[in-house]
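Using our numbering, read the sequence shown as starting at 1 and increasing by one per residue. Heads up, the beta-carbon is just placed ideally off N, CA and C, and yes, glycines get one too.
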Amino acid sequence: STPGDMLRDPQMVYSGAEEKGVAFKEANKRARRIQSLKASGIKAGDVLRGTVQSITREGMLVGIGPGTSGFLADANRNPQSALKPGDILQVKIVSCDMETANVQLSTWLYD
Numbered sequence: 001s002t003p004g005d006m007l008r009d010p011q012m013v014y015s016g017a018e019e020k021g022v023a024f025k026e027a028n029k030r031a032r033r034i035q036s037l038k039a040s041g042i043k044a045g046d047v048l049r050g051t052v053q054s055i056t057r058e059g060m061l062v063g064i065g066p067g068t069s070g071f072l073a074d075a076n077r078n079p080q081s082a083l084k085p086g087d088i089l090q091v092k093i094v095s096c097d098m099e100t101a102n103v104q105l106s107t108w109l110y111d
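Next up, the structure:
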């Protein structure tokens, strides 16, 4: 699109601004997650108590501290345990990427 197109179609300007607003909100959320993760001091190998926040087909999101959560993939979870949101469990930090705020968890504590 060209600047002339935007003058003829104000909706183009609005949709562009809306997309940038969404991108800004996502970047802001990611920055807050990274800040919370750095402040928590967690690192790979730590064993923590977490609370199941939500469950998907691939695994579950587990809260491991204020503003900090990690992903527990089904492959890293003891299949004996039937968990639901709100359940508390012990998890091991498998990896912790401070640049993306991605935290991978496991319930296999001693591998």
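Inset, instruction - Express the C-alpha separation of Phe24 and Asp87 in angstroms, rounding to a whole number. - result: Cα-Cα distance, rounded: 33 Å.
Legend entry - Nearest-angstrom beta carbon gap, Val47 and Lys92 [assumed within contact, 8 Å]: Taking a contact as a CB-CB distance under 8 Å, the pair Lys92 and Val47 counts as one, their CB atoms being some 5 Å apart.
Inset, instruction - For Asp74, name the three-state secondary structure that DSSP assigns. - result: Taken through DSSP and simplified to helix, strand or coil, Asp74 comes out as helix.
Inset, instruction - Using the Cα positions of Ile64 and Gly70, report the straight-line distance between them to the nearest angstrom. - result: Cα-Cα distance, rounded: 7 Å.
Legend entry - Three-state secondary structure (DSSP) of Ile88: Three-state result, Ile88: strand.
Legend entry - Test item: CB-CB of Ser106 and Ala44 under 8 Å: No, Cβ-Cβ distance for Ser106 and Ala44 is not below 8 Å.
Legend entry - Alpha carbon of Ala31 to alpha carbon of Ala82, nearest angstrom: If you take the alpha carbons of Ala31 and Ala82, they lie about 33 Å apart.
Inset, instruction - Could you tell me whether the Cβ of Lys38 comes closer than 8 Å to any Cβ of chain C? - result: Here there is only one protein chain, and chain C is not present.
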